[in-house]
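Take a look at the structure below.
Protein chains in written order, with the working numbering: chain A, 1 to 142; chain B, 143 to 537.
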């Protein structure tokens with residue numbers, strides 16, 4: 001899925017120095033997170049320096065395209081014209097490599113899908129206002 | 143007395159409190175509201191308002207220190223500072239006033255929060271629509287494009303996680319809303335003074351961001367609250383019985399995260415927030431333990447916010463918080479009466495500064511829901527992303 005979905009969404013600023021790499025990778029169909037080239041630590045959200053070794057040689061490393069539901073909310077009261085209610089915002093855990101702590105990403109689902117903590121999800125990429133960004137759908141979705 | 147890092151208990155006091163009317167449309171500017179609350183606080187203390195020489199404000203406030211000083215006829219302001227973010231600030235703002243007084247930078251410090259939270263900038267409206275959202279190190283670009291645009295949605299996610307980890311139930315959140323409403327029903331100044339709320343009405347109410355209903359959300363208010371801080375020595379000569387500042391503490395959450403609030407969703411745990419650390423520092427400086435607290439004003443931008451602080455401030459174990467609330471502990475006459483003016487949920491949303499005012503009333507014995515014999519009065523200001531808290535004691 002990469003086509004724009006009319007009717008909802010906000011376009012992210014995609015050129016902030018800290019986060020631009022996430023959007024650039026998404027445009028190439030890659031899910032990435034910031035990783036320190038010196039010590040190998042992962043960090044999300046991305047930051048100006050590595051919090052672990054204080055180095056500033058940071059890069060973007062590929063992540064698996066599978067995650068699990070950490071928590072969610074069903075938004076029933078619409079406050080933004082860009083997001084017709086009801087819709088669901090999901091917080092996703094992605095384990096970057098075996099044994100590493102999960103990194104978290106946001107996702108958007110239409111309506112009120114039945115969810116449980118731990119449910120498997122997979123990454124998709126969508127485009128809004130010319131910016132590509134990662135999003136998530138249930139692992140068994142078409 | 144515990145004194146782990148040079149903190150001096152009871153060196154300063156809150157000597158004056160003042161508020162405006164709490165309304166939906168003040169018709170005046172936040173600066174005018176701040177001045178009204180400041181004048182009321184000065185009159186309460188028996189101090190000439192022009193003798194204020196220091197001001198501490200919130201980073202969210204539209205009233206600047208300079209504008210408030212100018213409005214009050216203060217010709218020579220010697221000290222000003224600000225604390226944020228938003229609801230995390232009020233207790234820490236009192237701490238800044240103590241720092242100023244103790245260091246000699248100021249003698250009489252006004253601490254205020256003023257806002258047209260209903261008729262002006264409504265914080266619940268969240269991220270404004272724009273051609274593109276985020277950037278400038280706000281990190282909103284990682285959240286708003288998915289529809290995470292408002293603080294209530296953030297706290298709903300935290301609540302949902304608590305339901306999984308600790309068995310939080312909607313009944314628990316309802317009880318917090320109902321307790322705050324009963325205190326407001328006793329407080330003629332509260333916006334919800336005449337609006338009773340029962341359990342059925344709570345569960346019949348609109349879901350806003352599941353699992354949070356409309357009554358889990360704080361009010362939206364036009365108004366201001368202010369306190370005056372000076373040395374304990376000087377406080378003895380003033381009009382009111384001083385509320386001594388036993389301790390103040392600030393702390394950040396583990397792996398705080400950049401930006402303001404939303405990046406907390408990416409921290410290690412949604413259920414281990416800054417308040418655990420605030421509490422540890424606060425009690426150590428005070429030489430007190432949770433059981434010493436007679437009455438608490440626990441920050442309540444949402445019911446879940448209050449709930450998650452119960453364990454963090456040591457009133458129960460995390461796995462016992464649901465039972466603690468169900469026991470009636472939070473009600474008047476319970477083990478830990480909370481939010482005795484009605485709180486942000488039912489008195490007014492002054493970003494927690496009205497909690498400081500009410501904590502002082504409890505020390506003076508003048509609350510509309512007075513806890514008999516209260517001598518140790520706790521105020522907390524937000525957990526995420528950082529937070530602060532204040533312990534007041536009777537002299």
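Note that beta-carbon positions come from the ideal geometry of N, C-alpha and C, so glycine has one too.
Residues that residue i contacts on chain A, provided the C-beta gap is smaller than 8 angstroms
| i | result |
| --- | --- |
| residue 268 of chain B | 79 and 80 |
| residue 505 of chain B | In chain order: nothing, as chain A lies at least about 38 angstroms away. |
| residue 275 of chain B | 10, 11, 12 and 13 |
| residue 410 of chain B | 101 |
| residue 351 of chain B | 73, 74, 75, 76 and 77 |
| residue 419 of chain B | Going along chain A, no residue has its Cβ under 8 angstroms from residue 419 of chain B, so there is no contact; the nearest lies around 17 angstroms. |
Cα-Cα separation, residue i to residue j
| i | j | result |
| --- | --- | --- |
| residue 221 of chain B | residue 265 of chain B | 29 angstroms |
| residue 376 of chain B | residue 186 of chain B | 15 angstroms |
| residue 378 of chain B | residue 384 of chain B | 7 angstroms |
| residue 239 of chain B | residue 41 of chain A | 40 angstroms |
| residue 201 of chain B | residue 228 of chain B | 6 angstroms |
| residue 143 of chain B | residue 457 of chain B | Per-residue confidence for residue 143 of chain B stands at a pLDDT of 45, beneath the threshold of 50, marking its modelled position as unreliable; the derived number appears in the next sentence. Approximately 22 angstroms between the Cα atoms of the pair. |
| residue 517 of chain B | residue 102 of chain A | 45 angstroms |
| residue 2 of chain A | residue 87 of chain A | Caution is warranted here: a pLDDT of 37 is assigned to residue 2 of chain A, below 50, making its placement in the model unreliable, and the coordinate value is therefore given only provisionally. Straight-line Cα distance between these residues: approximately 20 angstroms. |
| residue 109 of chain A | residue 92 of chain A | 12 angstroms |
| residue 34 of chain A | residue 171 of chain B | 44 angstroms |
| residue 427 of chain B | residue 75 of chain A | 42 angstroms |
| residue 98 of chain A | residue 64 of chain A | 11 angstroms |
| residue 460 of chain B | residue 449 of chain B | 10 angstroms |
| residue 149 of chain A | residue 122 of chain A | There is simply no residue 149 of chain A to check, as chain A begins at 1 and stops at 142 in what is shown. |
| residue 11 of chain A | residue 120 of chain A | 26 angstroms |
| residue 286 of chain B | residue 393 of chain B | 27 angstroms |
| residue 391 of chain B | residue 164 of chain B | 28 angstroms |
| residue 14 of chain A | residue 23 of chain A | 6 angstroms |
| residue 169 of chain B | residue 365 of chain B | 10 angstroms |
| residue 215 of chain B | residue 167 of chain B | 26 angstroms |
| residue 4 of chain A | residue 131 of chain A | Unreliable positioning characterises residue 4 of chain A in this predicted model, as indicated by a pLDDT of 40, which lies under 50. The coordinate reading is nonetheless provided below. Taking the straight line from one Cα to the other gives about 10 angstroms. |
| residue 126 of chain A | residue 117 of chain A | 24 angstroms |
| residue 84 of chain A | residue 446 of chain B | 25 angstroms |
| residue 476 of chain B | residue 96 of chain A | 47 angstroms |
| residue 128 of chain A | residue 360 of chain B | 33 angstroms |
| residue 436 of chain B | residue 105 of chain A | 42 angstroms |
| residue 339 of chain B | residue 387 of chain B | 35 angstroms |
| residue 524 of chain B | residue 36 of chain A | 32 angstroms |
| residue 520 of chain B | residue 26 of chain A | 48 angstroms |
| residue 308 of chain B | residue 300 of chain B | 12 angstroms |
| residue 235 of chain B | residue 253 of chain B | 7 angstroms |
| residue 149 of chain B | residue 107 of chain A | 45 angstroms |
| residue 326 of chain B | residue 486 of chain B | 10 angstroms |
Cβ distance (whole Å) where residue i is taken to contact residue j below 8 angstroms
| i | j | result |
| --- | --- | --- |
| residue 430 of chain B | residue 533 of chain B | 6 angstroms |
| residue 89 of chain A | residue 289 of chain B | 5 angstroms |
| residue 441 of chain B | residue 510 of chain B | Contact doesn't hold; Cβ gap of about 20 angstroms is too wide. |
| residue 319 of chain B | residue 357 of chain B | 5 angstroms |
| residue 302 of chain B | residue 71 of chain A | 5 angstroms |
| residue 452 of chain B | residue 463 of chain B | 5 angstroms |
| residue 535 of chain B | residue 152 of chain B | 7 angstroms |
| residue 395 of chain B | residue 526 of chain B | 6 angstroms |
| residue 203 of chain B | residue 255 of chain B | 6 angstroms |
| residue 188 of chain B | residue 530 of chain B | About 28 angstroms; that fails the 8 angstroms criterion. |
| residue 305 of chain B | residue 353 of chain B | 7 angstroms |
Under 8 angstroms from the C-beta of residue i: neighbouring residues of chain B
| i | result |
| --- | --- |
| residue 114 of chain A | By Cβ distance, chain B contributes nothing, its closest Cβ being about 12 angstroms from residue 114 of chain A, past 8 angstroms. |
| residue 128 of chain A | 287 |
| residue 31 of chain A | Ordered by position in chain B, no residue passes the 8 angstroms Cβ test against residue 31 of chain A, which lies about 13 angstroms from the chain. |
| residue 52 of chain A | Chain B residues near residue 52 of chain A: none, gap ~11 angstroms exceeds 8 angstroms. |
Residue i Cβ short of 8 angstroms to the ligand ATP heavy atom set
| i | result |
| --- | --- |
| residue 195 of chain B | This structure does not include the ligand ATP; it has no bound ligands of any sort. |
One or two residues paired with residue i in a DSSP bridge
| i | result |
| --- | --- |
| residue 346 of chain B | Partner(s): none; residue 346 of chain B has no beta bridge. |
| residue 166 of chain A | Absent from the structure is residue 166 of chain A, since the part of chain A shown begins at 1 and ends at 142. |
| residue 103 of chain A | A:94 |
| residue 159 of chain B | B:369 |
| residue 251 of chain B | B:196 and B:371 |
Closer than 7 angstroms at the beta carbon, the chain B residues around residue i
| i | result |
| --- | --- |
| residue 124 of chain A | Chain B residues near residue 124 of chain A: none, gap ~12 angstroms exceeds 7 angstroms. |
| residue 45 of chain A | 281, 284, 399, 400, 405 and 408 |
| residue 117 of chain A | 306 |
| residue 91 of chain A | 299 and 407 |
| residue 58 of chain A | The contacting residues do not exist; residue 58 of chain A stays about 14 angstroms from chain B at best. |
Beta-carbon neighbours of residue i, restricted to chain A and to distances below 7 angstroms
| i | result |
| --- | --- |
| residue 545 of chain B | No statement about residue 545 of chain B is possible, as the shown extent of chain B runs from 143 to 537 and does not include it. |
| residue 298 of chain B | 73 |
Cross-chain neighbours of residue i in chain B, by beta carbon under 9 angstroms
| i | result |
| --- | --- |
| residue 108 of chain A | 287, 288, 289 and 290 |
| residue 104 of chain A | 407, 408 and 409 |
Chain A contact residues for residue i, given Cβ-Cβ distances below 9 angstroms
| i | result |
| --- | --- |
| residue 278 of chain B | 13 and 16 |
Quick one: any contact between the region 366-376 of chain B and the region 155-164 of chain B, if contact means 3 or more CB pairs under 8 angstroms? By the Cβ rule, the region 366-376 of chain B counts as touching the region 155-164 of chain B, because three or more pairs are nearer than 8 angstroms.
Do the region 400-409 of chain B and the region 173-192 of chain B make contact, defined as three or more Cβ pairs closer than 8 angstroms? Because the criterion of three Cβ pairs below 8 angstroms is not met, the region 400-409 of chain B and the region 173-192 of chain B do not touch.
Check whether the region 417-433 of chain B and the region 308-326 of chain B touch, using three or more Cβ-Cβ pairs below 8 angstroms as the test. Not touching, per the Cβ criterion.
So, does the region 207-226 of chain B touch the region 485-493 of chain B, judging by three or more C-beta pairs under 8 angstroms? With a cut-off of 8 angstroms on Cβ pairs, the region 207-226 of chain B is not in contact with the region 485-493 of chain B, counting fewer than three such pairs.
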